[in-house]
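Written below as C-alpha cells is the structure these notes are about.
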Amino acid sequence: MEKLALFGGKPVRQEFLVFGAPDIREAEIEEVVKTLKSGWLSTGPRVARFEKDFKNYIGCKHAIALNSCTAGLHLALEIAGIGEGDEVITTPLTFTSTANVIIHQGATPVFADVERETGNIDPQRIEEFIKTKCRLDPKTGRQANRQTGQLVKAIIPVHLYGRPCRMDEIVEIANENNLLVIEDAAHAVEARYRNKKIGNIGDLTTFSFYATKNVVTGEGGMITTNNDERAKKLRVLRLHGLSKDAWKRYSKEGFTPYDILYPGFKYNMMDIQAALGIHQLKRVEENLKIREKYFKIYNQAFSNIPEIEIPIEEKDIRHARHLYTILLKLEKLKCDRNQFAVALQAENIGIGIHFLALHLSSYYKKKFGYKRGEFPNAEYISDRTISLPLSTKLTIKDIGDVIKVVKRVIFHYKIE
Ligand SMILES: Cc1ncc(COP(=O)(O)O)c(C=O)c1O
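The structure is reproduced here in C-alpha cells:
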C-alpha cells in the first residue's frame, strides 16, 4: 500500500471533497431571482408558502419559519416560561446551541447520558436523574433538583444524526413528571418514530435549514406545534413582539397600526430563504432515497472492517440519514480520532465531528465542574466518532473515493 498523503504519498483525490456540500438546483436559483425581482425580500408570501408546505409535509397544525433552529429552541423555552431557577434535561452529545439557549434563558442544562449504540439520550438515564436526584415540590407540582433546589421543567431530546429518540418513553416520563418536551430535530426533517412523523410528537419541535442540512435555506429553521395558543405567541415573538408583521403592515392590504405585545426577538425568516426552502422541500423524499443508498454502500463497505463500528439499524423508525458516522475502535489502531481525521483531510476527504461531548468543553467544566467519567457513553462516542460525506451532491465515485481513503488510513494505522 502507498504512503498516506500525510506522510508524502499522493492523495487518492486531486480535488478536496467538501463535507456537507449543499445541493442547490436551478428551481431554487430561479425562485431566489424571482424573489429579488419581486421587491419583497423579507418575511412575506414565500415564507407563508414554505410554512404551509412544511406543515403539510410534517402533518402538524402549525409551522412557524425562523432564521435558525437555535432561534426555535430559544423561543420554545421562552414561551414555556423557562428562566432563572429552572433546569432543562438534555443530552451532552449535541451541538452547543441546544444547551446554549438554556443558559441564555438563565436556566441550567442538566445532562442525561446517551445510549452507547445510538448516541441518543437514554430514557433510562432521564428517569434515573428524576428518581435519584429530584423530589416532588408540593407547591408547584414539579420535580425539584435536591442539590440545587431548582425546578426541572423540560426535556430537549436531540434526534442525533437523523435517528429518532425513543419518544414513547420520553413522552411518558415527561407526562409523569410535568415536563415539556421540546425536540431538537435539526437533523431529522424526514424522521419517523413508530409511524409518527417527528414534528408531531412532542410539545414543540425545531428544525434546521442550515447550509449542510437535509433541507437548506442557507440559514433558517422552523418550529412546529399542534397547540394554537403557543403558535400564536411564537408568531408574535419571532418578530419583536409586534401584533402585526411587516407583510400586514406594508402590503396593499393597507395601513394598520401595530401594538407591542411582548419584548420579542428578531428571529423571522426572509422570503429569499423561503424561496430556497420551497424547492428544497419538494425534493426532500427523493434526496432521502439517495442518502439511504449512500448510507447502505458505506455500511456494506465497512461492515467487515474490525477497526470500525458502523451505525446500527433499528426497526420501527425512519432514520433521516443526515449524517453517516463511524466509530473508530481505538484499541485496534495506533492513532486517535483526531489523527485519523487529519489523515482523511490530507487525502482530500472533508469530514465532520458530531459531536465533542459538551460537558468536556471549557465552559461547562469551569461553570458546572463537570469531569471526564460523568457521562461515559457520550464520552466514548465523542472520542471515536467521525462523520463522512453524505450530501446528495456527491456521486457514487465520490462515495467510492471516501471508502478507498478510509480503508487506506485504517490499513496504515491498524495494529497488526
Ligand atoms: C443538533 C443540532 N441542534 C441545533 C442546531 C442549530 O441549528 P441552526 O444552525 O439552524 O441554528 C444544530 C446545527 O448544526 C444541530 O446540529
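Following my numbering, the numbering of the sequence shown begins with -9 at its first residue and continues without gaps. The C-beta atom is built at its ideal place from N, Cα and C for all residues, glycine as well.
- The secondary-structure analysis by DSSP pairs Q335 with nothing; it has no beta-bridge partner.
- In the pairwise beta carbon analysis, the stretch 188 to 201 is classified as not touching the stretch 312 to 321: fewer than three pairs are separated by under 8 Å.
- Look at Y257: its beta carbon is at least 7 Å from all of the heavy atoms in ligand 1.
- I79 and A102 do touch by the CB rule: their CB atoms are close to 6 Å apart, below 8 Å.
- The beta carbons of V104 and E77 sit no closer together than 8 Å.
- Within the same chain, Cβ atoms closer than 8 Å to the Cβ of P147 are found at T80, T81, N110, I111, C155, M157, I160, V171, E173, D174, G192, the five residues on either side in sequence being excluded.
- At least 8 Å separates the beta-carbon of L323 from that of H344.
- At a threshold of 7 Å, T88 counts as near ligand 1, since its beta carbon sits closer than that to one of the ligand's heavy atoms.
- Taking the C-beta atoms as reference points, E68 is found no nearer than 8 Å to I302.
- Between I287 and T382 a beta carbon distance of about 13 Å is seen, past the 8 Å cut, so the two are scored as non-contacting.
- Within its own chain, the residues whose Cβ lies closer than 6 Å to the Cβ of S87, once the five positions on either side in sequence are excluded, are T60, listed in chain order.
- Nearest to A53 by alpha-carbon distance, out of R225, T25, E18, is R225.
- Judged by DSSP in its simplified three-state form, Y257 adopts coil rather than helix or strand.
- The DSSP-derived three-state label of S372 is helix.
- N57 and H230 have their C-alpha atoms some 13 Å from each other.
- Distance check between N328 and each of P253, I376, S233 places I376 closest, using alpha-carbon atoms only.
- Annotation for F85 indicates a beta carbon within 7 Å of some heavy atom of ligand 1.
- Collapsing the DSSP output to three states places P99 in a strand.
- Approximately 7 Å separates the beta-carbon atoms of L141 and G75; this is inside 8 Å, confirming the contact.
- If you ignore the 5 residues before and after H309, its C-beta comes within less than 6 Å of the C-beta of G152, R153, all in its own chain and listed in chain order.
- The alpha carbon of V37 has as its nearest neighbour, out of Q263, N367, R374, the alpha carbon of Q263.
- Inclusion of C59 in the 7 Å shell around ligand 1 follows from its C-beta lying nearer than that to a non-hydrogen atom of the ligand.
- Following the DSSP letters along the chain, one finds K143 inside the beta strand (DSSP E) bounded by residues 141 to 146.
- Within a 10 Å sphere around the beta-carbon of K(-7) sit fewer than 16 other beta-carbons, which makes this residue exposed.
- At least one heavy atom of ligand 1 lies less than 7 Å from the C-beta of Y200.
- I79: member of the beta strand (DSSP E) spanning 76 to 80, first to last residue.
- The Cβ atoms of V205 and G267 lie closer than 8 Å to each other.
- If you draw a 10 Å sphere on the C-beta of E41, you find 16 or more other C-beta atoms in it, and that means buried.
- Under the 10 Å beta carbon count, E369 is surrounded by 16 or more other beta carbons and is classified as buried.
- C-alpha of A17 to C-alpha of H269: approximately 6 Å in a straight line.
- Using a Cβ distance threshold of 8 Å, M260 and S32 count as a contacting pair.
- In this structure, the straight-line span from the alpha carbon of D249 to that of K45 is close to 28 Å.
- At least 8 Å separates the beta-carbon of K187 from that of I307.
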